[in-house]
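Notes to accompany the following structure.
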Amino acid sequence: MMFDKNLMRKPRSSLVIFIIAKAILETLFVIFLVVSFHYRTFYSRFDGRIDEANGRRVAGWMIAEAEPSKPVEMQLYINDEFAASSIADRPRRSAANVELAQEGAHKFAFDVPPLAAGNYEARVYVVHESGGGDRRTLQALPQPARFRVDAERSEASELNGGFVIKATE
Amino acid sequence: MRTTTGDAQREDAAEAVSSPRWLAACEIMSLVASVVVAEWVVLPFTQRGAELAVAGMVPVCAALALMLFSRQAQGETWRELGLRFDNFWQAARLLLPAMIVASLLMLALGFLLPKFQFGAPRVRQTPVWLFVWGIGWGFLQQFMLQGFVNRRAQMLFGKGVGSIVVVALVFGLLHLPNPWLMVVTFCGGLLWAFVYQRAPNLLALALSHSVMTWILIATIPDTLLRGLRVGYNYY
Chain A
1 MMFDKNLMRK PRSSLVIFII AKAILETLFV IFLVVSFHYR TFYSRFDGRI
51 DEANGRRVAG WMIAEAEPSK PVEMQLYIND EFAASSIADR PRRSAANVEL
101 AQEGAHKFAF DVPPLAAGNY EARVYVVHES GGGDRRTLQA LPQPARFRVD
151 AERSEASELN GGFVIKATE
Chain B
1001 MRTTTGDAQR EDAAEAVSSP RWLAACEIMS LVASVVVAEW VVLPFTQRGA
1051 ELAVAGMVPV CAALALMLFS RQAQGETWRE LGLRFDNFWQ AARLLLPAMI
1101 VASLLMLALG FLLPKFQFGA PRVRQTPVWL FVWGIGWGFL QQFMLQGFVN
1151 RRAQMLFGKG VGSIVVVALV FGLLHLPNPW LMVVTFCGGL LWAFVYQRAP
1201 NLLALALSHS VMTWILIATI PDTLLRGLRV GYNYY
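Note that the protein sequences, when read in sequence, are chains A and B.
For the first sequence, our numbering begins at 1 and goes up steadily by one.
For the second sequence, our numbering begins at 1001 and goes up steadily by one.
Below, the structure written as structure tokens:
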């Protein structure tokens, strides 16, 4: 296997240095892009809490720290399964904590679909858009809420076409 | 005596590391790395628009800087790289038969494939698009592929099958994960690398690249070519 000697000139050490420098700079560039992407996509800018959770309704409040006035899409998951989505766009005027209302806290409420008797865990996620809407991630509110649906109530709901659930959180 | 032996070993090691063959391999890998960054890292990790354009310029400029710096360091002239007119017809004569055969094959394939269409989206059928694609993009790709990769592959393996296959493999793999485009660019890479080694003329190759690209998008359905998208953009 002979390589072409006519094409071989005197490769300079500067070319070796250039290639190494280029590799370092490109590595730093990639690291910067990845860190920047992670910060913008996954870094949580939301706060909030679930105030009420039962077989009928899950409600609470949230604050989007970056854009407090902007309505935010939220999703409810019960036992890790998607249950409902809603827009948090109502100011929390009746909040006991006035400071939160001033900061731009919004109320959210989900109607819970019919559930069989048992214990449940409700988690509420904020749908966070980044990349000009190209990417959507779910960011969980800090505390999940647990509630129980009684068997009697569950049967009653089947009979009456509605259901009344005792929250046990 | 020990010092002399040590010096000799160090010199041998330095020579091994900076030998043209090692350097040629590193140059090819460095260029490929820039393209991989552009195709697979910039797009998913940036926002479309100005941010994407600016971030995309980084690996493109790095690749161009490497090619220009290397050209100077290796003492290559533009004429040696293929920027010349004297061998244009020689290159064209080598290209033409293979281009005709490839065009007929693509046309036949286009008729055989379901949903045959002259699949070029409307925007690509404008003369401006063809001009930009043919002269600009085709030339840039051939400059990178032949003027840089092919010449360094020859430093590694010499003229012939080995270096031609390396060029075609690099060209094909840079079109991952688009299967149709990978096959087509591998075949195109074989032809263009072969012709470049016999008649290095980038203008003829750029023109051939342009014409073959147009024939490709005019015969093979766009549903298969997926808009010629590569890298992360393919998805």
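All C-beta atoms, glycine included, are put in the ideal place defined by N, C-alpha and C.
{"query": "My assumption, with CB atoms under 8 Å, is that glutamate 26 (chain A) sits in contact with serine 1070 (chain B). Please give the rounded CB distance.", "result": "No, glutamate 26 (chain A) and serine 1070 (chain B) are not in contact; Cβ-Cβ is about 16 Å, not under 8 Å."}
{"query": "CA-CA distance, glycine 48 (chain A) and histidine 128 (chain A)?", "result": "14 Å"}
{"query": "With DSSP as the reference, label isoleucine 24 (chain A) as helix, strand or coil.", "result": "helix"}
{"query": "Could you name the residues of the same chain whose beta carbon sits closer than 7 Å to that of arginine 1229 (chain B), not counting the 5 residues immediately before and after it, in chain order?", "result": "Asn1178"}
{"query": "Does the separation of the CB atoms of lysine 22 (chain A) and alanine 1062 (chain B) fall below 8 Å?", "result": "yes"}
{"query": "Nearest by alpha-carbon distance to leucine 1203 (chain B): which of B:Pro1221, B:Phe1085, B:Trp1022 is it?", "result": "B:Phe1085"}
{"query": "Answer yes or no: the CB of alanine 151 (chain A) versus the heavy atoms of the ligand FAD, is any distance below 7 Å?", "result": "Within the structure as shown, the ligand FAD is missing, as the structure has no ligands at all."}
{"query": "Just how far apart, CA to CA, sit serine 1030 (chain B) and isoleucine 63 (chain A)?", "result": "47 Å"}
{"query": "What in chain A is Cβ-close to alanine 1055 (chain B), meaning under 9 Å?", "result": "Phe29, Leu33"}
{"query": "Is lysine 22 (chain A) close to chain B, meaning its C-beta is less than 8 Å from at least one C-beta of that chain?", "result": "yes"}
{"query": "Taking only the alpha-carbon atoms, compute the straight-line gap between glutamate 1076 (chain B) and glycine 1082 (chain B) and give it to the nearest angstrom.", "result": "11 Å"}
{"query": "For tyrosine 1232 (chain B), which residues from the same chain have a beta carbon less than 7 Å from its beta carbon, with the 5 sequence-adjacent residues on both sides left out?", "result": "Glu1039, Trp1040, Leu1043, Pro1044"}
{"query": "Can you tell me which of A:Thr41, A:Pro144, A:Gly132, A:Ala151 puts its alpha carbon nearest to the alpha carbon of leucine 115 (chain A)?", "result": "A:Ala151"}
{"query": "Going by alpha carbons, who is nearest to phenylalanine 1111 (chain B) out of B:Val1037, B:Arg1152, B:Pro1221, B:Tyr1234?", "result": "B:Pro1221"}
{"query": "So what's isoleucine 165 (chain A) in DSSP terms, helix, strand or just coil?", "result": "Note that isoleucine 165 (chain A) scores 36 on pLDDT, short of 50, meaning its location in the model is unreliable and no value can be drawn from it."}
{"query": "For valine 1037 (chain B), collect the residues of the same chain with a Cβ closer than 7 Å to its Cβ; drop the 5 residues on either side in sequence, then sort them by chain order.", "result": "Pro1059"}
{"query": "Going along the chain, which residues of its own chain have a beta-carbon closer than 7 Å to the beta-carbon of tyrosine 77 (chain A), five neighbours each way excluded?", "result": "Ala83, Arg123, Tyr125"}
{"query": "Measuring only between beta-carbons, confirm whether phenylalanine 1171 (chain B) sits less than 8 Å from chain A.", "result": "no"}
{"query": "By the 10 Å Cβ neighbour count, where 16 or more other Cβ atoms means buried, how is methionine 1144 (chain B) classified, buried or exposed?", "result": "buried"}
{"query": "Let me check understanding here. Comparing Cα to Cα, which of A:Met74, A:Ala117, A:Asn79, A:Glu81 lies closest to arginine 90 (chain A)?", "result": "A:Met74"}
{"query": "Pull up the CB-CB distance for isoleucine 1247 (chain B) and methionine 1057 (chain B), whole angstroms please, since I reckon it's below 8 Å.", "result": "Given a span of 1001 to 1235 for chain B in the structure shown, any question on residue 1247 (chain B) remains unanswerable."}
{"query": "Please confirm whether glutamate 1039 (chain B) has its beta-carbon closer than 8 Å to some beta-carbon of chain E.", "result": "The displayed structure is made up of protein chains A and B, and chain E is not among them."}
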